[in-house]
Structures are given as C-alpha cells and as structure tokens.
Amino acid sequence: MQGATYLGNGLILARTNWDGHVVVPGYNVDVAVGIVRDGIHEPWTTRLVQELLRPGETYVNVGANFGYFTCLGARIVGSGGKVVSVEANPHVFSILMKTILWAGIVDRVTAYNRAAYLHSGAEFDFTFDYQYIGGGHIRHDVEASAVQTGTPFWSPEALPHLLEADGRWNPARGLLNFFKVQSLALDDITAGMTADLIHCDVEQAEPFVLVGARNLISRSPRCKIIFEWSGYAYDHGNEDYKAAVRDMWDLLVKENFVVRYLKPMLHDNGAIEVSAPLTFEELLTSPHGDYVAVRKGQDPWG
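Number 56 in the working numbering belongs to position 56 of the sequence shown; there are no gaps in the numbering.
This is the structure in structure tokens:
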C-alpha cells in the first residue's frame, strides 16, 4: 500500500505500490506526482523493468532522477545483485542519495553524479526547471543566450516568467536554471562487469550513452536495453546527434538486437504491449516514448 511521509525541507518520503521507498521534493510536478499520488511512475516502464530483471542481476540506471527506478531495480536484484545509478543534476543527485538510504539499498547501489556520454572528462552546460526537473538536459544552442530566472520556484515573483501578456498561464514556459557537470562513459566505470539491463532516460542523449557503453554491451550476453527515443528529436537534432543515432543503431545491429516500441499503456490484467521489431527507417519516424532492445533468440515477444 502506498503512503507518504513529510520529511521536512520540502521533501516527501513516498511508498510505492511495489513496496519501495522514494524521496521526492514537493515542488516537482512531473516525476514526483505519480510517485506520491499513485505510488507508481510510468506504469508500463515499471512493469517492463519487473519483467526483464531478475534477482542477483546487474541493473544500470542512467538518468536516475530521484531514484524511482534505481530503487525498483535494487529491490528486484536483491542484496546479491548490483545497481549502477547515474544522475547528472547535482540538485537531483542530493535527493537520489536520500532515496538510496531511506530505501535501504546502499549495499547494492553505486551512484555517480556525472553525465553519461560517449567519453569521460568533458564538461557540459545543463539547463533545467525545478518544477519539471525530469526534463533537465544539455543546454542547446538556442538556449545559449538565455539567462537564469531570478527565482527557481513557482511563486508570485516568478509569475512574469510564466504568464503571457494577457495574464494567461503558459504551462510550456519554465524557470531556467543552469549547472555544469563532468561526463563519464559507462565503459570507464564498468570494467570487468556485465549488465543484464541498461535503462537510459536522459532527454535525447541516449545514443551517446549507449555508444559509450559499447564494450559493456558487447561482453554482456544477456543484456537488455530500455531507452527513451523521439523521432522528432532526431529530425531537429544537429549532425553530431544524428551521427550518434546511426552509431547506436549500428552497434545494436552488430550485437544482434531487435528494437521494439513500448506502448504507454497497461492492459486490464497488467500486461504491457510492444510493437513489432522496428527497422532503422521506422525508428526515425517513431513517437516519443520508451523502447526496448533485446538480442534475437532472447526476445520474449519474438
């Protein structure tokens, strides 16, 4: 049964409907809402992780946010398994650390405050809105001239940044905040390891993350991958991004993966639904959402 406890300093300890514990900030209105109100976040992806991961396995969670999936994975793999949790935003990472402790999973989780990428040691400018903190991302060229708003949270003082000239609230407007973060490649922190499930949700940076994990993927014969994808992002991406997408696809083909779209729904019996295997051309025009890659011969839907 889910429930919530106020911890002070704007933080809430939420109990999920799979009997985990996640610390979230009360100011957040994207990731935290489902966790606190419903005890679950992205039910279809939650179910997919539950179906793909087993006790004693290794789960790599990139874009861990407040730790919802890190906690879910850690509960599934148990004390005999391992979780690698990577979160770039230091404002989020400080809450992720609390989740790891409150959830009682510090014995099996190794957490990194870094931006997973093609290689380690680069420095990136990130932008985010505290209210929609799940959408934090590398600062785009079009945002280069933007200035940080004076107040980070919704308040009377922040309204001029959120309202149109006629006083109408525009939910698409945000309160920009910036930070710098160092990159790391998953291959540099997983030497000698194998992964059973790699789960990436990093706002269109997934191709860079997965190509930066090529060696990990290659030496992990049972590896499955969940990644966020958007054909729209590809259409509007720069050449570096499009090249990384092609490199990601080439890696998946070389490693004998098939890619399917996870439909954002659950059937009445709790079952998920995935698409038929996608071609590269089909992927490029596919909607925003989560996708799952599994090797041929290990495809539970094949």
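Using N, Cα and C, we set each Cβ at its ideal position, and we do this for glycine too.
Practice task
Taking only runs that begin and end inside the region 252 to 284, name each unbroken beta strand (DSSP E) of 3 or more residues, in chain order.
Solution key: Counting only runs of 3 or more, we get 257 to 261.
Problem - Cβ-based neighbour list, S94, same chain, cut-off 8 Å, excluding 5 preceding and 5 following - result: On the sequence shown, residue 94 is found 94 positions in, with the first residue counted as 1. Within the same chain, S94 has no close Cβ partners at all.
Practice task
Indicate the three-state DSSP secondary structure (helix, strand or coil) for A88 in the structure shown.
Solution key: To locate residue 88, count along the sequence shown from 1; it is residue 88. For A88, the three-state secondary structure derived from DSSP is coil.
Practice task
Specify the secondary structure class of P25 as computed by DSSP and reduced to three states.
Solution key: Within the sequence shown, numbered from 1, the residue matching residue 25 stands at position 25. Three-state DSSP puts P25 in a strand.
Handout entry: Exposure of K254, with buried meaning 16 or more beta-carbon neighbours within 10 Å
Key = Counting from one through the sequence shown, the residue named residue 254 turns up at place 254. A residue is called buried when at least 16 other Cβ atoms come within 10 angstroms of its Cβ; K254 does not meet this threshold and is exposed.
Practice task
Can you check DSSP and say which residues form a bridge with F69?
Solution key: Here residue 69 corresponds to residue number 69 of the sequence shown, with the count starting at 1. Answer is none; F69 lacks a bridge partner.
Exercise for the section: Give the single residue among Y59, L210, R219, L266 whose Cα lies nearest to the Cα of D247. Expected result: Within the sequence shown, numbered from 1, the residue matching residue 247 stands at position 247. In terms of CA proximity to D247, L210 leads the group Y59, L210, R219, L266.
Problem - Sequence-distant residues of its chain with Cβ nearer than 7 Å to R108 (five each side left out) - result: Locating residue 108 in the sequence shown gives position 108, counting from the first residue. Counting only Cβ-Cβ distances below 7 Å, and skipping sequence neighbours, we find A74, V77, S79, G81, K82, V83.
Practice task
Using three-state DSSP, classify R37 as helix, strand or coil.
Solution key: Taking the first residue of the sequence shown as 1, we reach residue 37 at position 37. It is helical.
Exercise for the section: On a CA-only basis, which of F208, Y6, K224, R219 is nearest K242? Give me that one, please. Expected result: Here residue 242 refers to the residue found at position 242 when the sequence shown is read from its first residue. Distances from the CA of K242 to each of F208, Y6, K224, R219 were compared; the closest alpha carbon is that of F208.
Exercise for the section: State the beta-bridge partners of C200 as determined by DSSP. Expected result: Numbered from its first residue, the sequence shown carries residue 200 at position 200. Here C200 is bridged, per DSSP, to V62, F227.
Exercise for the section: Thinking H137 and Q204 are a contact (beta carbons under 8 Å), I'd like their distance in whole angstroms, please. Expected result: Indexing the sequence shown from 1 puts residue 137 at position 137. Indexing the sequence shown from 1 puts residue 204 at position 204. H137 to Q204, Cβ: 7 Å. Contact.
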